[in-house]
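Quick mapping for you: the protein sequence lines, in order, are chains A and B.
As numbered in UniProt numbering, residues 1 to 236 make up the first sequence, in order.
As numbered in UniProt numbering, residues 1 to 236 make up the second sequence, in order.
Note that beta-carbon positions come from the ideal geometry of N, C-alpha and C, so glycine has one too.
What follows is one structure encoded as structure tokens, with my remarks underneath.
2 protein chains.
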Amino acid sequence: MLKYQHIAAEIEKYIQEHALQQGDKLPVLDELMVQFGVSKSTIIKSLELLEERGVIFQVRGSGIFVRRHGRKGYISLLKNQGFTRDLDHFPITSQVLELSVRKPTREAATNLNISMEQDVYYVKRVRYIYEQTLCVEESYYNKAIVTYLNNEIVSDSIFDYIREGLGLKIGFSDSYLHVGKLEEEEAGHLGLHKGDPKLDVETIFHLANGQPFDFSRITYNYIQSQFFIQANGHGM
Amino acid sequence: MLKYQHIAAEIEKYIQEHALQQGDKLPVLDELMVQFGVSKSTIIKSLELLEERGVIFQVRGSGIFVRRHGRKGYISLLKNQGFTRDLDHFPITSQVLELSVRKPTREAATNLNISMEQDVYYVKRVRYIYEQTLCVEESYYNKAIVTYLNNEIVSDSIFDYIREGLGLKIGFSDSYLHVGKLEEEEAGHLGLHKGDPKLDVETIFHLANGQPFDFSRITYNYIQSQFFIQANGHGM
DNA sequence: GAGTGGTCTAGACCACCCC
DNA sequence: GGGTGGTCTAGACCACTCT
Numbered sequence: 001m002l003k004y005q006h007i008a009a010e011i012e013k014y015i016q017e018h019a020l021q022q023g024d025k026l027p028v029l030d031e032l033m034v035q036f037g038v039s040k041s042t043i044i045k046s047l048e049l050l051e052e053r054g055v056i057f058q059v060r061g062s063g064i065f066v067r068r069h070g071r072k073g074y075i076s077l078l079k080n081q082g083f084t085r086d087l088d089h090f091p092i093t094s095q096v097l098e099l100s101v102r103k104p105t106r107e108a109a110t111n112l113n114i115s116m117e118q119d120v121y122y123v124k125r126v127r128y129i130y131e132q133t134l135c136v137e138e139s140y141y142n143k144a145i146v147t148y149l150n151n152e153i154v155s156d157s158i159f160d161y162i163r164e165g166l167g168l169k170i171g172f173s174d175s176y177l178h179v180g181k182l183e184e185e186e187a188g189h190l191g192l193h194k195g196d197p198k199l200d201v202e203t204i205f206h207l208a209n210g211q212p213f214d215f216s217r218i219t220y221n222y223i224q225s226q227f228f229i230q231a232n233g234h235g236m
Numbered sequence: 001m002l003k004y005q006h007i008a009a010e011i012e013k014y015i016q017e018h019a020l021q022q023g024d025k026l027p028v029l030d031e032l033m034v035q036f037g038v039s040k041s042t043i044i045k046s047l048e049l050l051e052e053r054g055v056i057f058q059v060r061g062s063g064i065f066v067r068r069h070g071r072k073g074y075i076s077l078l079k080n081q082g083f084t085r086d087l088d089h090f091p092i093t094s095q096v097l098e099l100s101v102r103k104p105t106r107e108a109a110t111n112l113n114i115s116m117e118q119d120v121y122y123v124k125r126v127r128y129i130y131e132q133t134l135c136v137e138e139s140y141y142n143k144a145i146v147t148y149l150n151n152e153i154v155s156d157s158i159f160d161y162i163r164e165g166l167g168l169k170i171g172f173s174d175s176y177l178h179v180g181k182l183e184e185e186e187a188g189h190l191g192l193h194k195g196d197p198k199l200d201v202e203t204i205f206h207l208a209n210g211q212p213f214d215f216s217r218i219t220y221n222y223i224q225s226q227f228f229i230q231a232n233g234h235g236m
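Spelled out as structure tokens, the structure:
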């Protein structure tokens, strides 16, 4: 683990362990440099990481402060990858409805930037939170990249497997959100009624080298659909 | 303007003018250093800025590449501040329904971290895109910070005024998204029907020093509600 | 004016991609 | 192995806040 990542983790741990609140002041740069025995730039890199994640904010001429948001039970729309990681303290489970190798739809092929003759893994899951249906998810994985999947992997965290099992590096994602009305079939899975509100999130995940490897559409139960986004200045 | 901001702007301009597409390669670090006559760190800082904004992605050992998303007409959920800035090429207009000084609701007071006796500016607007209703917005501005507003300012960009007119620095924001069904009154403003889907976005805007100054709730017309989010690795 | 964060530099060395 | 991006350092100097 890199120094600046380690330091960021330490600072974050410190904030949690001391249950610091929004606006609480952290030690100044000089102190942090001495405390961790690294150069100023390294501390700054750590703090930038934490700032980007919404953990702290820095005020020039004043200090480094803790940033906290006031609401529980919201799903973060950043850092997303299937959010198994986001809702640490929430019991999320999955039921696999289908796992198969097939040819992609035109839409999936376009988004994955492959031809319609190339194989993809198709995965359809229902996800539950607190025994309630949270969402229905359909994913298309480019089989040339994600070479193997089975039921066990798919019931657990697919992304952990891609990282650790396949040794691939996940890079970035583009998500598109739409609000609409539930179709009959979706409503059935979610325990709602046709015509009820829904939130669709389509996401294209790319490897670190820019190759798209996963196109997924998640349809959320509107009652559970509580999301939050922390934005940082840098252009506000 | 700082060197690294200037360089980032130049690179972004270069990408636009040459209509570069996703995956197109930019000059290597050494070239950029020479071209702009600055140190390596400064170039790296510029590239980090662009990466954070979703303009490029970098691959170690390989190069710097252009990042583009494939869909038009989506509203960015980051860099948000009322999105006058996001939809550069879209004609967004506002109709002010109300502008007054009042005492905050309990909810607004809590989110602005003030007492219910302190004055706030209350602004209610309907926003249109292409002559169609996009959203209804209610905002509460802490009057101790945003000391003055009038109809002209409120019809235009409130945030530009806060920055330039009042000389305040806007820092960061926390947004909370909910999906639900439209109430009678909201439906009226949006030209939809009671019970139709809606997307509510509540946002608390903070100054650079951490003080909350604006609490707003925007209710979107679900037909126009197309948003996108670009996420970067750093934890994926 | 003292304190504190931010920018920028020059250079050493490391980690990864791809041929 | 050559090319390329990433980390880390030590230090000079700048910009903002607060009292």
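Residue i vs residue j beta-carbon contact at 8 Å
i, j, result
"B/V154", "B/F213", "no"
"A/S157", "A/T203", "no"
"B/D200", "B/K181", "no"
"A/S139", "B/F228", "no"
"B/Q230", "B/H6", "no"
"B/Q226", "B/I129", "no"
"A/L134", "A/R127", "yes"
"B/P104", "B/L97", "no"
Beta-carbon neighbours of residue i, restricted to chain B and to distances below 9 Å
i, result
"A/L99", "Near A/L99 there are no residues of chain B at all, since even the closest Cβ is about 23 Å away, more than 9 Å."
"A/P104", "Ordered by position in chain B, no residue passes the 9 Å Cβ test against A/P104, which lies about 16 Å from the chain."
"A/V59", "G171, A208, N209, G210"
"A/Y141", "Neighbours of A/Y141 on chain B: none; closest Cβ ~16 Å, over 9 Å."
Residue i classed as buried or exposed, judged by whether at least 16 other C-beta atoms fall within 10 angstroms
i, result
"A/K143", "buried"
"A/K198", "buried"
"B/Y148", "exposed"
"B/L2", "exposed"
"A/G54", "buried"
"A/V101", "exposed"
"A/G171", "buried"
"A/P91", "exposed"
"B/A19", "exposed"
"B/Q224", "buried"
"A/L49", "buried"
"B/R60", "exposed"
"A/L190", "buried"
"B/E186", "buried"
"A/E184", "exposed"
"A/E107", "exposed"
Rounded separation between residue i and residue j - CA only
i, j, result
"B/N232", "B/E117", "42 Å"
"A/S46", "B/N150", "42 Å"
"B/I15", "B/Q21", "8 Å"
"A/R163", "A/E10", "24 Å"
"B/S41", "A/L168", "28 Å"
"B/L166", "A/F57", "22 Å"
"A/S94", "B/E17", "46 Å"
"A/P27", "A/F65", "9 Å"
"A/K25", "A/M33", "16 Å"
"B/V179", "A/R71", "16 Å"
"A/F205", "A/F215", "6 Å"
"A/G73", "A/Q35", "35 Å"
"B/V123", "B/E137", "8 Å"
"B/L177", "B/V38", "42 Å"
"A/Y161", "A/E152", "10 Å"
"A/T110", "B/R67", "16 Å"
"B/E31", "B/A8", "15 Å"
Chain-ordered neighbours of residue i on chain B, where CB pairs are closer than 7 Å
i, result
"A/Y222", "V179, G180"
"A/Y74", "Y176"
"A/L168", "Those within 7 Å of A/L168 in chain B number zero; the least Cβ separation is about 11 Å."
Beta-ladder partner(s) of residue i, from DSSP
i, result
"A/V59", "A/G63"
"B/F227", "A/L177, B/I75"
"A/S139", "A/V123, A/S216"
"A/N221", "A/K198"
"B/S94", "B/R127"
"B/H206", "B/F172, B/P212"
"A/L26", "A/I64"
"B/T133", "B/Y128"
Under 8 Å from the C-beta of residue i: neighbouring residues of chain A
i, result
"B/Q226", "Y176, L177, H178"
"B/G191", "The premise fails here: B/G191 is roughly 16 Å from chain A at the closest Cβ pair, so nothing lies under 8 Å."
"B/P27", "Per Cβ cutoff of 8 Å: no residues; B/P27 is ~17 Å from chain A at best."
"B/S62", "N209"
Contacts that residue i makes with chain A (C-beta to C-beta distance below 7 Å)
i, result
"B/S71", "Going by the sequence as given, residue 71 of chain B is Arg instead of Ser. Correct list: Y176."
"B/G165", "Correct list: empty, because the minimum Cβ distance to chain A is about 16 Å."
"B/N232", "F172"
"B/I158", "Here the premise fails: no neighbours, minimum Cβ distance about 13 Å."
Contact test: residue i Cβ vs the ligand PLP heavy atom, cutoff 7 Å
i, result
"A/Y161", "Absent from the structure shown: the ligand PLP. Ligands present: none."
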